[in-house]
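Engineer: According to this note's numbering, the stretch in the sequence shown is residues 108 to 459, in order.
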Amino acid sequence: MKSIALPRHKDKRQREKGKRQKRTRQFFPFAFYLLPFILVWPFIRISTLLLVANEKLAQLKASVDNTNITVGDILQLNLEVKRPKAAGVAFPTIGPQLKDWIVRDSVRSPSKETEPGWFSESLRLQLTIYKTGDFEIPPLEVEVVHSNGEKQVLTSDPIKIKVQSVLSGDQEQLKGIKAQADIPADYKPFLLLLAALGALALIIYRAIHFFKNRKGIETFIPEETRSPEEIAREAIRALLARKLVQKGYLKEFYLELSEIVKRYLGLKLGVPSLERTTEEFSRDLRETAVSWEEFQLIKEFLMDCDLVKFAKYRPSEEEIDRIVQRSFDIIDATEANKKTEFVAQVTQEVSK
Numbered sequence: 108m109k110s111i112a113l114p115r116h117k118d119k120r121q122r123e124k125g126k127r128q129k130r131t132r133q134f135f136p137f138a139f140y141l142l143p144f145i146l147v148w149p150f151i152r153i154s155t156l157l158l159v160a161n162e163k164l165a166q167l168k169a170s171v172d173n174t175n176i177t178v179g180d181i182l183q184l185n186l187e188v189k190r191p192k193a194a195g196v197a198f199p200t201i202g203p204q205l206k207d208w209i210v211r212d213s214v215r216s217p218s219k220e221t222e223p224g225w226f227s228e229s230l231r232l233q234l235t236i237y238k239t240g241d242f243e244i245p246p247l248e249v250e251v252v253h254s255n256g257e258k259q260v261l262t263s264d265p266i267k268i269k270v271q272s273v274l275s276g277d278q279e280q281l282k283g284i285k286a287q288a289d290i291p292a293d294y295k296p297f298l299l300l301l302a303a304l305g306a307l308a309l310i311i312y313r314a315i316h317f318f319k320n321r322k323g324i325e326t327f328i329p330e331e332t333r334s335p336e337e338i339a340r341e342a343i344r345a346l347l348a349r350k351l352v353q354k355g356y357l358k359e360f361y362l363e364l365s366e367i368v369k370r371y372l373g374l375k376l377g378v379p380s381l382e383r384t385t386e387e388f389s390r391d392l393r394e395t396a397v398s399w400e401e402f403q404l405i406k407e408f409l410m411d412c413d414l415v416k417f418a419k420y421r422p423s424e425e426e427i428d429r430i431v432q433r434s435f436d437i438i439d440a441t442e443a444n445k446k447t448e449f450v451a452q453v454t455q456e457v458s459k
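1. Looking at the secondary structure, which residues open and close the alpha helix (DSSP H) in which Ala-306 lies?
2. DSSP on Ala-418, reduced to helix/strand/coil?
3. Within 10 Å of its beta-carbon, does Ala-94 have 16 or more other beta-carbons around it, so buried, or fewer, so exposed?
4. Write down every uninterrupted run of the alpha helix (DSSP H) in the segment 221-282 whose length is 4 residues or greater and which is fully enclosed by it, in chain order.
5. So Val-368 and Ile-437 are in contact, right, with Cβ under 8 Å, and what is the actual spacing, rounded?
6. Could you tell me which whole beta strand (DSSP E) segments of length 3 or greater appear in the segment 168-228?
7. Kindly indicate which three-state DSSP category Gln-403 falls into: helix, strand or coil?
8. Which same chain residues end up closer than 6 Å to Leu-374 when comparing Cβ atoms and leaving out the 5 residues on each side of it in sequence?
9. Alpha carbons only, please: which of Glu-243, Val-431, Glu-250 is nearest the one belonging to Ala-194?
10. Taking C-beta to C-beta, are Glu-407 and Ile-209 nearer than 8 Å?
11. What separation, rounded to the nearest whole angstrom, lies between the Cα atoms of Gly-240 and Ile-266?
12. Please say whether Leu-232 and Ala-165 have beta carbons closer to each other than 8 Å?
13. Can you have a look at Leu-156 and say buried or exposed, based on whether 16 or more other CB atoms are within 10 angstroms of its CB?
14. Please name the residue in Asp-207, Pro-191, Val-214, Leu-376 whose C-alpha comes closest to that of Pro-199.
15. Does the beta-carbon distance from Ser-227 to Glu-257 come in below 8 Å?
16. Helix, strand or coil: which one does DSSP assign to Gln-166?
17. Taking all protein chains shown into account, do 16 or more other C-beta atoms lie within 10 angstroms of the C-beta of Thr-441, making it buried, or fewer, making it exposed?
18. Can you list, in chain order, the residues of its chain with a C-beta nearer than 6 Å to that of Pro-246? Leave out the 5 residues immediately preceding and following it.
19. Report back the beta-carbon spacing between Lys-416 and Leu-362 to the nearest angstrom; my notes put them in contact at under 8 Å.
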């Protein structure tokens, strides 16, 4: 019995071994083709995650057309945002962040596609400054809102700007005072002056005596009945009628226009305006009850006039028309502000 059972048991083990080898041979081709996918899959997954993360990262770039300018020049500042297609851009209010810089104009350009799935938007600013030295355009923040509602705040790099004077190096150094020339004494002008004063005194005496002896004639001194607004508007119209711009007298035109507006504000707001610089007048004007918007309107108007008077800037016809319109706008804004204050005062007195 034992001699018969052993060969059967051995054959059974050989059959099981053959089945295992057959299953191994069947699985090996499948594993051979699956192995490259198993090895490459982690890299595909990592690349996909990096691509998704990269799509959420918008970029902000700030640039200027020139880093060395002259006082009063226009500086072009460009803020460019590169964003995914589904994201939105919210540019901030730039003015308060720029300190010494004045924003003359701002234009937002429409978005354009730079590459598949990516768009570019720009905010172009025209800046100017009326100080000399080394200045900086500070970092500016722009908010990008992605399609999933996530907000991303982008910050630009600061930009160094050097502002130079309109005067050359030789002109900035004042020359010494020359010694006074020795002039011999000449008494003829003094004698002529005494004779003229004597004749003038005689004429005045005769005139007073003549008018005192006249009878039935009364002298009336006309009083100024026009308001400061009417005086200013009439003065501007008279200035335009003289056609100084057409004759090439731009400096004289801007000088008289700024003096008309300063005299009007002095009469209306009680601010000294005679022989006052723009900086002194603006400092006193800030102490009055004018609003911040009206103060900025007046200050920019006076600075633009100074640019023509002192910096030898030649404005275009469009700028000249705009400066005249701004002078009327200042008068309108001041009159409207005064009417509002008067109504508020009357209402307060009635409520008492």
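In this text, a Cβ means the ideal position worked out from N, Cα and C, and glycines have one as well. Predicted model, so just to flag it, every value in this text is computed and none were measured.
Structural biologist: Walking through what the data contain:
1. Here residue 306 is taken as the residue at index 199 of the sequence shown, counted from 1. Its alpha helix (DSSP H) spans residues 295-320.
2. The residue labelled residue 418 in the question sits at position 311 within the sequence shown. Looking at Ala-418 - three-state DSSP - the assignment turns out to be coil, as it is neither helix nor strand.
3. No answer is possible for residue 94: the residues shown for the chain start at 108 and end at 459.
4. 276-279
5. Here residue 368 refers to the residue found at position 261 of the sequence shown. Here residue 437 refers to the residue found at position 330 of the sequence shown. Rounded, the Cβ-Cβ distance is 6 Å, consistent with contact.
6. 175-177, 182-191, 195-197, 209-222
7. In the sequence shown, counting from the first residue as 1, residue 403 sits at position 296. Gln-403 falls in the helix class under three-state DSSP.
8. On the sequence shown, position 267 is the one that residue 374 refers to. Only Pro-335 meet the Cβ criterion.
9. On the sequence shown, residue 194 is found 87 positions in, with the first residue counted as 1. Of Glu-243, Val-431, Glu-250, the residue nearest in Cα terms is Glu-250.
10. For this step, residue 407 is matched to residue 300 along the sequence shown. For this step, residue 209 is matched to residue 102 along the sequence shown. Yes, the pair counts as a contact, with Cβ atoms nearer than the cut-off.
11. Taking the first residue of the sequence shown as position 1, residue 240 is located at position 133. Taking the first residue of the sequence shown as position 1, residue 266 is located at position 159. About 14 Å.
12. As a working mapping, residue 165 is identified with position 58 in the sequence shown. As a working mapping, residue 232 is identified with position 125 in the sequence shown. No, Cβ-Cβ distance for Ala-165 and Leu-232 is not below 8 Å.
13. As a position in the sequence shown, residue 156 is number 49, starting the count at 1. For Leu-156, the predicted model reports a pLDDT of 45, less than 50, meaning its position is unreliable; a value from the coordinates is still stated below. The residue in question, Leu-156, is exposed, as its Cβ has fewer than 16 Cβ neighbours within 10 Å.
14. On the sequence shown, position 92 is the one that residue 199 refers to. The residue with the shortest Cα to Cα distance from Pro-199 is Val-214.
15. Stepping through the sequence shown from its first residue, residue 227 is reached at position 120. Stepping through the sequence shown from its first residue, residue 257 is reached at position 150. No, these two residues do not count as a Cβ contact at 8 Å.
16. As a working note, residue 166 is residue 59 in the sequence shown. Residue state, collapsed to three classes: strand.
17. Taking the first residue of the sequence shown as position 1, residue 441 is located at position 334. Label assigned to Thr-441: buried.
18. Within the sequence shown, the letter at position 139 stands for residue 246. The answer, listed in chain order, is Thr-262, Ser-263, Pro-265.
19. Start at 1 with the first residue of the sequence shown, and residue 416 comes out as number 309. Start at 1 with the first residue of the sequence shown, and residue 362 comes out as number 255. Confirmed, about 6 Å.
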